[in-house]
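First residue of the sequence shown: 1, per full-length UniProt numbering; consecutive thereafter.
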Amino acid sequence: MELTTDKYIFHITDEVKQTRIATHIPPLSFVAYPKDKKLCIISHQQEYLKRTTPFRKDSKQLLLRHIKPHGPVRKDIISRWCKSVLSSAGINTSKFKGHRTRAASSTHLADNGISIKDIILPEGWSNERTLQQFHHKPSDPSLILAKRFHGH
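Following this line, the structure appears as structure tokens:
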């Protein structure tokens, strides 16, 4: 994790499920939103790090359990957290489980008018076909039309 004055950059060096041979996921950048601290990921991240410093010891992992022992979280806990956030955002979690957050977020973006090209680049997909074939799970078309009609 690298902090500049207005953004956090996360370098993912380990291979993950989506990693192809000789290809790495590009760094993830999160930019400050100074207009509203409640919506600013940087201010929330700084507060989280400040509050969890006493529990970190030698851990380099960002996410820690909020109950004792305060060690690094396992992937099943992160999956449960992701599912909770997806549900709170109005995403159908019976269709999208925690391990399908890429598909859920990509589908949500596409259903709300974000271009496929703008979706595939940060997600690290090599082409549009990969997204369409494996990750785009269209929502109920009547809901999409209603959202666009009402400007949501």
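Even glycine gets a Cβ: it sits at the ideal position worked out from N, Cα and C. Note that this is a predicted model, so its numbers are computed, not measured.
In this chain, serine 115 is not harboured by any alpha helix (DSSP H), its DSSP state being neither H nor E.
Annotation for leucine 39: Tyr33 place their beta carbon closer than 7 Å to its own, counting only its chain and skipping 5 residues before and after.
For lysine 50, the enclosing alpha helix (DSSP H) begins and ends at 41-56. Your pair proline 27 and isoleucine 9 checks out as a contact, with CB atoms roughly 5 Å apart and the cut at 8 Å. Secondary structure at lysine 95: coil, using DSSP grouped into helix, strand and coil. Contact annotation: valine 73 and leucine 86 have beta-carbon atoms that are not nearer than 8 Å. Residue nearest to glutamine 46 within the set Gly113, Leu3 and Thr93 is Leu3 (criterion: CA-CA distance).
Membership of lysine 83 in the alpha helix (DSSP H) is indicated by the continuous run 75-88. Where isoleucine 9 is concerned, the enclosing beta strand (DSSP E) starts and stops at 7-10.
DSSP places leucine 109 within a helical segment (H, G or I) once states are collapsed to three. A straight-line Cα-Cα distance of about 26 Å links alanine 103 and arginine 65. Between the alpha carbons of arginine 51 and histidine 70 lies a distance of about 12 Å.
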